[in-house]
Each structure stands twice: as C-alpha cells, then as structure tokens.
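Undergrad: Listed in order, the protein sequences are those of chains A and B. The working numbering numbers the first residue of the first sequence as 1 and each following residue consecutively. The working numbering numbers the first residue of the second sequence as 1001 and each following residue consecutively. From the three backbone atoms N, C-alpha and C, an ideal C-beta is built for every residue, glycine too. Given the structure is predicted, the values throughout are model-derived calculations rather than measurements. Mind looking over this structure? Questions follow.
Number of protein chains: 2
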Amino acid sequence: MFFIKNSGERMSTKPGAERNLKQQSLREADAPHSLVVRFDAADALHLDSGGRLTPLTLAYQTYGVLNAQKSNAVLICHALTGDQHVANANPITGKAGWWENMAGPGRPIDTNIYFVICSNVIGGCMGSTGPASSNPATGKSFGLDLPVLTIRDMVRAQARLIDYLGIERLFCVAGGSMGGMQVLQWAATYPERVYCALPIATAPKHSSQNIAFHEVGRQSIMADPDWRGGRYLDEDVAPSKGLAVARMAAHITYLSDEALQRKFGRNMQSGAERSFSFDAEFQVENYLRYQGASFVDRFDANSYLYVTRACDYFDLAGEYGGSLAAAFAGTKTRFCVVSFSTDWLYPTSASRAIVHALNAAGASVSFVEIESDKGHDAFLLDEPDFMGTTRGFLEAAARSSGIISNPTTQSTKS
Amino acid sequence: MFFIKNSGERMSTKPGAERNLKQQSLREADAPHSLVVRFDAADALHLDSGGRLTPLTLAYQTYGVLNAQKSNAVLICHALTGDQHVANANPITGKAGWWENMAGPGRPIDTNIYFVICSNVIGGCMGSTGPASSNPATGKSFGLDLPVLTIRDMVRAQARLIDYLGIERLFCVAGGSMGGMQVLQWAATYPERVYCALPIATAPKHSSQNIAFHEVGRQSIMADPDWRGGRYLDEDVAPSKGLAVARMAAHITYLSDEALQRKFGRNMQSGAERSFSFDAEFQVENYLRYQGASFVDRFDANSYLYVTRACDYFDLAGEYGGSLAAAFAGTKTRFCVVSFSTDWLYPTSASRAIVHALNAAGASVSFVEIESDKGHDAFLLDEPDFMGTTRGFLEAAARSSGIISNPTTQSTKS
Chain A
1 MFFIKNSGER
11 MSTKPGAERN
21 LKQQSLREAD
31 APHSLVVRFD
41 AADALHLDSG
51 GRLTPLTLAY
61 QTYGVLNAQK
71 SNAVLICHAL
81 TGDQHVANAN
91 PITGKAGWWE
101 NMAGPGRPID
111 TNIYFVICSN
121 VIGGCMGSTG
131 PASSNPATGK
141 SFGLDLPVLT
151 IRDMVRAQAR
161 LIDYLGIERL
171 FCVAGGSMGG
181 MQVLQWAATY
191 PERVYCALPI
201 ATAPKHSSQN
211 IAFHEVGRQS
221 IMADPDWRGG
231 RYLDEDVAPS
241 KGLAVARMAA
251 HITYLSDEAL
261 QRKFGRNMQS
271 GAERSFSFDA
281 EFQVENYLRY
291 QGASFVDRFD
301 ANSYLYVTRA
311 CDYFDLAGEY
321 GGSLAAAFAG
331 TKTRFCVVSF
341 STDWLYPTSA
351 SRAIVHALNA
361 AGASVSFVEI
371 ESDKGHDAFL
381 LDEPDFMGTT
391 RGFLEAAARS
401 SGIISNPTTQ
411 STKS
Chain B
1001 MFFIKNSGER
1011 MSTKPGAERN
1021 LKQQSLREAD
1031 APHSLVVRFD
1041 AADALHLDSG
1051 GRLTPLTLAY
1061 QTYGVLNAQK
1071 SNAVLICHAL
1081 TGDQHVANAN
1091 PITGKAGWWE
1101 NMAGPGRPID
1111 TNIYFVICSN
1121 VIGGCMGSTG
1131 PASSNPATGK
1141 SFGLDLPVLT
1151 IRDMVRAQAR
1161 LIDYLGIERL
1171 FCVAGGSMGG
1181 MQVLQWAATY
1191 PERVYCALPI
1201 ATAPKHSSQN
1211 IAFHEVGRQS
1221 IMADPDWRGG
1231 RYLDEDVAPS
1241 KGLAVARMAA
1251 HITYLSDEAL
1261 QRKFGRNMQS
1271 GAERSFSFDA
1281 EFQVENYLRY
1291 QGASFVDRFD
1301 ANSYLYVTRA
1311 CDYFDLAGEY
1321 GGSLAAAFAG
1331 TKTRFCVVSF
1341 STDWLYPTSA
1351 SRAIVHALNA
1361 AGASVSFVEI
1371 ESDKGHDAFL
1381 LDEPDFMGTT
1391 RGFLEAAARS
1401 SGIISNPTTQ
1411 STKS
C-alpha cells in the first residue's frame, strides 16, 4: 500500500508489522501516513471557546478523482475514535480502512464516481492538530494546553481543508455517530456548501446518558496515575489501563443487548465449567478486554478526553436559540437520515427529532430506520439495507445535481 | 439509634459523624453494628466451588416480632451493594435504611405484622464473611483467599441463619435486583421453606450485557495500582479511584435514559455557559462523581469483585438441566413477579421469562410491570403502584396462611 507523506514522498510500509505500535501511534500524530495541510499562525483557527488553534494541521486521505467542475466531492466525517483512513489499510494497525465496505470502487460511496475526502478531526491523534501533536511553542506535546474543542470547531477546520482543495460546494457530507454530528453541523453552518447530507446513527445533541458514559471514560483515564495530569507523553508513560477501561465501558454502548447475546451469550472461554476466579472466564469478558487492550495501541488518551468533550458539548439547537428547525431554516440541502433499530446510544428517537426539525424547516428529507440487531455499531458493518439506502440516495442526488447523467431510456421487448 | 452489637452490648452511635468513614467501614467488616451469628469450622459452609467457608459469620438485622408459631418471618435479600440495614440508619453513612419506605410499621412489609430479617450476604463487607473479614488462619483479611461465591452459596448461608433462628418456613422471601436472584434461588432450593416469594426487578440469569458491565467494574478496580493484587488492606491503601469509576459506570445502568434526562438533562453546574474544561461541568457529571466518591467510603473493593462475580455466575436454569421450569417443578410457593417499564438492566422481558417458567411449572404466580420512568432504581424509590402491589400481595398471602385473620364481614346499610 502506498501512502503520500506530508513531505510529498511516497513510501511503502507494512503497517504495524514490526515496529512498536505505541511508538508508531505517537509518530503518527506529528508525521502521519497521510496528506497534510498546515495553516500557520496567520491562518489560526478561531474556536468556540474564544481561543485560537495554531498551527492548524489537517491530515487527510482522498480516494477517486475530483472532476473538472469540482462538483463530485464527498466529505466523510469520522466517528469518535475513527480516523481519515476510510478505505486504505490503517497505518498503525494494518487493518482494512474503517469504511471499506461503504466507500471504494463500486461501493455505495463509489470512488469511480465521487472524489472522497476524509480528514482526521482536530483533537484527534492521527495527524491533525491534537493533544499529542508537538506544540512549536514548547517543543513538547500540547497535552491539555490544547484548547477544548467543539464539533463546530472540527467542522470549521474541515471547511479550511475544502477551501484549500478549491472546492466550493461539497456534493455530500456523510458520517455516522460523531461523524453524523459533523454532518448536521456542516448543513447548519455552511448550508450553501452542502448539496446533500447523510447523518447516520447520530443525534442533534448529546443526552444526559451519553454525557454520563463519556464522563466515566474520562474519569477512568484521569484516575490512572500514569495520566500524570495529562503530561504522560513527556514522562514516557501512558495511562493505558485507564484508557482500556474507558474503551471497555464505551464498547458496551456500541453493541445491542441482542448482539452481545447472539455473539457471546453466557458462553465460557473453555467449556461449561466455572473456574471460580476473576479471570476472563466468559467470552464476553475476554472480548471486552481485547477491545480495551488493542485500543490503547492506536489511540491517545488525551485525544479521548477532547473528542468525548466535543460530543458532550454538541447541542445544535442551542446555537440557534433552542430551535433545531432554525438551524436548518431555508436550507436547500437534501437529507437522508438513517438510524438503526437496536441502537441505544443514538436511538431512532434522536434521528426522528432531526427529521421533525428538517420537516419544520421545509427541507427535503428522507428517513430510514434500518432493522438490525447489531446496535450502534451497525453503521460500520455490512448491513445490506443500509448500503442500499446510501447508494440509492447518492445516485438520485448525483443525477439531479448532474454529476452522473440519467440512464438512457432503452426500449425493451417483453 | 440503638444497635445490638455482636457482644450483645447495646451502644449508641451517631453514625458517620466524626470518625473516618473508611476506618469505620473496615471495622464494620469484623465488628458490625448488627446482630451476628458465627458458625465455626465444624459448621463450615460447603460452596458451589467445592471449597468451604469458615468461619461463617452472618451479620443481620431484625424488625418486628416473631410470632409464637414462627410463621410470620419475611426474609429480605439485599442487592449488590446493599446491606442488612433495611430500616434503620446505616451505621457508616448515617443515612436512612435502604428500604425504609417499604419495610417498617404500617409500611407495605408491615413490621407490626411481620418479623423482618435481613442479613448481609457472604462476600459482602458489613459483617458477614467477606474478603475484608479477618481470616483467623492468617490474622489478616481474606482478600482474594476467600473462595469465589455464588448466589446459591449466599442463600445456603441465609438458610443457616433461618435454622439458627428456629424458623422452619419463611412466610416470604423478598428482594430486588441481586436480592431478587436470591429470592428465586430460595424458591428453587428450599421450596418447602418459602410460603410466598417476591422477586423484583431481577432476572433468572445474568445476560451477556450484564456480565460486560460488571467486568468493566472489576477491570477498573484491578487496574488501580492501589488494588495491590487484592492485598490493599494489608498495605493500608485502597483502590478508591478504580472503585469509584466502577460505581459510576454501574450507576448509569441503574437509571433510565428518561430519568437522567428529567433529573439532569444537559444542565450545567453554573448557568448556561460552557467552561471549555474537563471539570464536572454538566450536572450529570457532578452527580456521577459524587456517586463514585461516596461509594468508596462505604464499600470494599474486593467485595465488589465477589458480589458482581456471584451475579455473573447466576443462571438458575443451568442448575436444572437448562430448564427454568424444572427449577420450580411442583412448587407450592405463591409468586408475585414485579418489573419496571424502563428498567434496562433487568428488563421486563427477563421477568416474563420467570413468569413463563412458573406458569409451565404450574405455580401460582402474579406478574406486574410497574409503569415508571425511573429505571432499575425504581425498586428502591417511592413508587405507589409498586408499594400497593407489595402490600396487597403480602396481605392476601398472610390471610391465606393464617398470619392475619380475614376481616369480619360487616353489614353496611346503603
């Protein structure tokens, strides 16, 4: 697999094969295996907090070809712990891109038709400015010196990238979970720049329960003595245990009760006999421990604090006097809102609230609740109805926008 | 408030007023403010693990008067982190007993009629043998040397207490959550000793999701460096941060999404302005942190491992060849199964599984789903329909069993 480095140099890697994953992860924050654009102090990003983010670095991947009219760009927004590696092997884990089933040649987000862009969110740890990035002012990582960020800050940063790429209007902005929040924010903040929008398995604001689960994760990280007040990178340690527990708790919320029951039930690791110990005896325990342990190899603990906080702050109506419909007033963007029937993290009721607001704003909106027993995670998995919905929505919009021509009417003999 | 100490001495305390709560909590494990019965090695408790528990110490409270026929005893089984202090001020926290709204004079479990007993579960930390208890063989606390326990072990220990009190048959066994599991186990293991049974907000087995949440809690505790492999009491430290995070995660599961939304929503601690920090800014964060911090003052971390593990092992059908109905075959016990509509920890579907099995076994069973937005915690709160159901069920059973006489038929002139 070839990646374009920020130096422009092309290099071949065997991701995750030999080097220490953690070191690789750290290096990824400053020298990612991605395209990079850096805005210097004159172009600092003004933040919702009143602070400024500088230097603003954005690491991104693209797939497909931007057409001459620059009218076929699809911006994919990634979820909480996702990254820009939508459809290529992840440079840290070596695993397939997180949405390869959705984006690629012939896929629902068809890179033979669309030019797909995905950038690491600011606050992340895969090359865009985040707490693990080097602060030029100190020569050390930002840590908690990085200002606290919002979803709108993330979207404003993405808009810089889209400007830089010379794209006036995005054909589509699509994403699930925290990515879906960014989609909604894009449509509200830059309505004229979004032809169609695909917010998936998301919510117009973070609920009390959502905040509560995130707070458990943050407390778990900050309770780890190796967090060192957020300065662990300077001291060559990492709050891995706290981060792993945070991931375990979060992971439960990504799966439905039904999915856990189907996948693991009460199955034991070895046969039916209880060991009468505190080892990982049930398969679900082993699974969770694995999820926690593998996560710490690829994700920065402080980044986890920043991205969870950004979600917690998300309340789109709050930016518009408490009216979600006002956020979309006069919009010409076409929306397709998708939820999954067993998603209890961002349940269908949250998607319905989005749809009601869009209807009240007179927007063009389709709404699909996909029947699935897989919970929130369904948006990352092979769900034929979901993939069909995405393909159909994009194709129809692509025809109406002129990206692809209408099929030639053919007479058939019956 | 007066408590009967194990020495028989009556002492007056102002619980939690002056002494260090943690020290008090530790002392409670060996010298509780409760009645105590101790069985020595000759009477060791044989455990499901194959091990033996000795000495077996049981700390318990009683309320009301045992009648001459010894036919009016109600055994209340407490939940995961509950204790025997049902209806008196808790000796550690000084707060009201955990079920004072339910048990007491004139209350649904009316101590003017019934003799109420509640013992601390084995594995607990309020005076019954648990990991914080002194091991006579070493002079130190048991820690993880205590064998891993099951719900059936807890119930067998309670049966010892009931024997000791000279009670052949309990009028009722009642309890919610883990207490409800004990109720089911009592009815299955000692059917002839339970006249009626009230399993509340519980399940016939722990689900994969239930196990997953418990595992997060255990991992959080064991990840705390002050856990010291379970020997923290010897080293005069405590894994308080890990235990607090465990409690925070668990606490979310006790409340419904609706209850969190109603109580806290997205309300900020101070006004509407965001502080752009990682402080407890949302009220729900502050609430959770308080829940975590106050819990560690009253509960032993190793006990948390033991009681969660006992729940995880609970699978009543598993003891009867996979048939839950077989667990209740031929039972004459009258059951009233209660669930709460927004309880997602032990949802109504789990109660229905119990009811179906009881029906299949030909048992006498009533089933009530209480409409409540309070989630699992509803069984501890003032829920008029729930309290009415309990009162009515017990009164009817008390009449049919002869504890109370049928009301004199009075002719009224209309």
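1) So does the segment 225-242 of chain A actually touch the segment 370-381 of chain A, counting three or more Cβ pairs closer than 8 Å?
2) When you compare the CB of A/Val216 with every CB in chain B, is at least one pair closer than 8 Å?
3) Could you give the first and the last residue of the continuous beta strand (DSSP E) run that contains B/Gly1176?
4) What residue does the beta strand (DSSP E) around A/Arg231 start on, and which one ends it?
5) Would you kindly work out how many angstroms separate the C-alpha atoms of B/Ser1071 and B/Phe1115, rounded to a whole number?
6) Hey, would you say B/Leu1316 sits closer than 8 Å to B/Ala1188, going by beta carbons?
7) Measure from the alpha carbon of A/Ile354 to the alpha carbon of each residue in A/Lys140, A/Leu165 and A/Gln185, then state which is nearest.
8) What in chain A is Cβ-close to B/Arg1266, meaning under 9 Å?
9) Would a check of beta-carbon distances place A/Arg352 closer than 8 Å to chain B?
10) Less than 6 Å between C-beta atoms, sequence neighbours within five positions excluded: which residues of the same chain meet that for B/Thr1081?
11) Under three-state DSSP, which class holds A/Ala73?
12) Just to check my reading of the structure: A/Phe393 and A/Cys336 have Cβ atoms closer than 8 Å, yes? What is that Cβ distance to the nearest angstrom?
13) For B/Gly1162, which residues does DSSP report across the bridge?
14) The beta strand (DSSP E) spanning B/Glu1369 covers which residue range?
15) So is A/Ser7 buried or exposed if we call it buried at 16+ other beta carbons inside 10 Å?
16) Let me make sure I understand the geometry here. Which of A/Arg334, A/Thr348 and A/Phe276 has the alpha-carbon closest to that of B/Ala1310?
17) On the DSSP letters alone, give me the boundaries of the alpha helix (DSSP H) that B/Cys1311 sits inside.
18) Anything in chain A within Cβ reach of B/Ser1277, meaning under 7 Å, just list it in chain order.
19) Keeping to the same chain, check which residues put their C-beta closer than 6 Å to that of B/His985; ignore five residues upstream and five downstream.
20) According to DSSP, what are the bridge partners of B/Phe1282?
21) Would you mind sorting A/Gln24 into buried or exposed? The rule is 16 or more other CB atoms within 10 Å of its CB.
22) Considering Cα atoms alone, identify which of B/Ser1364, B/Ala1293, B/Gln1219 and B/Gln1209 is closest to A/Glu258.
23) Can you tell which of B/Gly1271, B/Leu1066, B/Lys1095 and B/Val1074 has the C-alpha that lies nearest to the C-alpha of B/Ser1294?
24) DSSP on A/His78, reduced to helix/strand/coil?
25) Contact criterion: CB-CB distance below 8 Å. Does A/Glu9 meet it with respect to chain B?
26) Comparing the C-beta of B/Pro1225 with each C-beta of chain A, is any distance below 8 Å?
27) Residues in the same chain with beta-carbon distance under 6 Å from A/Arg289, minus the five sequence neighbours each way, listed in chain order, please.
28) Is A/Gln115 helix, strand or coil when you go by DSSP?
29) If I'm right that B/Ser1119 touches B/Leu1058 with Cβ under 8 Å, what's the distance once you round it to whole angstroms?
30) Counting along the chain, where does the beta strand (DSSP E) carrying A/Phe340 start and finish?
31) Keeping to the same chain, check which residues put their C-beta closer than 7 Å to that of B/His1481; ignore five residues upstream and five downstream.
32) Compare the C-alpha of B/Ile1117 against each of B/Ile1403, B/Glu1215 and B/Gly1064 and name the closest.
33) In terms of residue numbering, what span does the beta strand (DSSP E) encompassing B/Phe1039 cover?
34) With 8 Å as the threshold, decide whether the Cβ of B/Asp1257 is near any Cβ in chain A.
35) Within 10 Å of its beta-carbon, does A/Pro136 have 16 or more other beta-carbons around it, so buried, or fewer, so exposed?
36) Could you give the DSSP three-state label for B/Thr1197: helix, strand or coil?
TA: Result, derived from the coordinates:
1) no
2) Indexing the first sequence from 1 puts residue 216 of chain A at position 216. Chain B, which has a Cβ nearer than 8 Å to the Cβ of A/Val216, makes this yes.
3) Along the second sequence, read from residue 1 onward, the residue named residue 1176 of chain B stands at position 176. From DSSP, the beta strand (DSSP E) with B/Gly1176 extends over Leu1170 to Gly1176.
4) Numbered from 1 along the first sequence, position 231 holds the residue referred to as residue 231 of chain A. Per DSSP, A/Arg231 belongs to no beta strand (DSSP E) and is neither H nor E.
5) Locating residue 1071 of chain B in the second sequence gives position 71, counting from the first residue. Locating residue 1115 of chain B in the second sequence gives position 115, counting from the first residue. C-alpha separation (whole angstroms): 9 Å.
6) Working through the second sequence from its first residue, we reach residue 1316 of chain B at position 316. Working through the second sequence from its first residue, we reach residue 1188 of chain B at position 188. In contact: B/Leu1316 and B/Ala1188 (Cβ atoms closer than 8 Å).
7) For the purposes of this step, residue 354 of chain A is taken as the residue at position 354 of the first sequence. Comparing Cα-Cα distances from A/Ile354 to each of A/Lys140, A/Leu165 and A/Gln185, the minimum goes to A/Gln185.
8) Position 266 of the second sequence, counting from 1, holds the residue named residue 1266 of chain B. Residues of chain A passing the Cβ test: Lys205, His206, Ser207, Ser208, Ile211, Asp312, Asp315 and Gly318.
9) Sequence index remark: in the first sequence, residue 352 of chain A carries index 352 (1-based). No, A/Arg352 does not count as interfacial toward chain B.
10) The residue given as residue 1081 of chain B occupies position 81 in the second sequence. Closer than 6 Å at the Cβ level, and outside the excluded window around B/Thr1081, lie Phe1299.
11) On the first sequence, position 73 is the one that residue 73 of chain A refers to. In the structure shown, A/Ala73 sits in a strand (DSSP, three-state: E or B).
12) Along the first sequence, one-based indexing puts residue 393 of chain A at 393. Along the first sequence, one-based indexing puts residue 336 of chain A at 336. So it is a contact: roughly 4 Å between Cβ atoms.
13) Working through the second sequence from its first residue, we reach residue 1162 of chain B at position 162. The question names Gly, but residue 1162 of chain B in the sequence shown is Ile. DSSP, once it has assigned bridges, lists no residue as partnering B/Ile1162.
14) By 1-based counting over the second sequence, the position of residue 1369 of chain B is 369. Where B/Glu1369 is concerned, the enclosing beta strand (DSSP E) stretches over Ser1364 to Ile1370.
15) Position 7 of the first sequence holds residue 7 of chain A. Note that A/Ser7 has pLDDT 33, beneath the 50 cutoff, so the model's placement of it is unreliable and no number is given.
16) By one-based count along the second sequence, residue 1310 of chain B stands at place 310. Of the listed residues, the one whose Cα sits closest to B/Ala1310 is A/Phe276.
17) To locate residue 1311 of chain B, count along the second sequence from 1; it is residue 311. Its alpha helix (DSSP H) spans residues Ala1301 to Tyr1313.
18) For the purposes of this step, residue 1277 of chain B is identified with residue 277 of the second sequence, where counting begins at 1. Correct list: Val148.
19) Residue 985 of chain B is absent from the model: chain B starts at 1001 and stops at 1414.
20) Walking along the second sequence from the start, residue 1282 of chain B turns up at place 282. Answer by DSSP bridge pairing, in chain order: B/Met1268.
21) By 1-based counting over the first sequence, the position of residue 24 of chain A is 24. By the 10 Å Cβ count, A/Gln24 comes out buried.
22) By 1-based counting over the first sequence, the position of residue 258 of chain A is 258. Residue B/Gln1209 is the option with its Cα nearest to A/Glu258.
23) For the purposes of this step, residue 1294 of chain B is taken as the residue at position 294 of the second sequence. The residue with the shortest Cα to Cα distance from B/Ser1294 is B/Lys1095.
24) On the first sequence, position 78 is the one that residue 78 of chain A refers to. Reduced to three states, the DSSP call for A/His78 is coil.
25) For the purposes of this step, residue 9 of chain A is identified with residue 9 of the first sequence, where counting begins at 1. Reliability fails at A/Glu9, whose pLDDT of 32 lies under 50, so the model's placement of it is uncertain and the value that follows must be treated cautiously. False, the Cβ-Cβ gap to chain B never drops below 8 Å.
26) Residue numbering aside, residue 1225 of chain B sits at position 225 when the second sequence is read from its first letter. With 8 Å as the cut-off, B/Pro1225 counts as an interface residue toward chain A.
27) Residue mapping note: residue 289 of chain A aligns to position 289 of the first sequence, counting from 1. Answer for A/Arg289: Ala280, listed in chain order.
28) Taking the first residue of the first sequence as position 1, residue 115 of chain A is located at position 115. It is Phe, not Gln, that sits at residue 115 of chain A in the sequence shown. Here A/Phe115 sits in strand by DSSP.
29) One-based indexing of the second sequence puts residue 1119 of chain B at position 119. One-based indexing of the second sequence puts residue 1058 of chain B at position 58. Contact holds; Cβ gap of about 5 Å.
30) Your numbering for residue 340 of chain A matches position 340 in the first sequence. Element bounds for A/Phe340: Arg334 to Phe340.
31) Absent from the structure is residue 1481 of chain B, since the part of chain B shown begins at 1001 and ends at 1414.
32) By 1-based counting over the second sequence, the position of residue 1117 of chain B is 117. Of the candidates B/Ile1403, B/Glu1215 and B/Gly1064, the one whose C-alpha sits nearest the C-alpha of B/Ile1117 is B/Gly1064.
33) Residue numbering aside, residue 1039 of chain B sits at position 39 when the second sequence is read from its first letter. Leu1035 to Phe1039 is the extent of the beta strand (DSSP E) around B/Phe1039.
34) Walking along the second sequence from the start, residue 1257 of chain B turns up at place 257. At least one chain A Cβ lies under 8 Å of B/Asp1257.
35) Your numbering for residue 136 of chain A matches position 136 in the first sequence. When all chains shown are included, A/Pro136 counts as exposed.
36) On the second sequence, residue 1197 of chain B is found 197 positions in, with the first residue counted as 1. It should be pointed out that residue 1197 of chain B corresponds to Ala in this sequence rather than to Thr. B/Ala1197 falls in the strand class under three-state DSSP.
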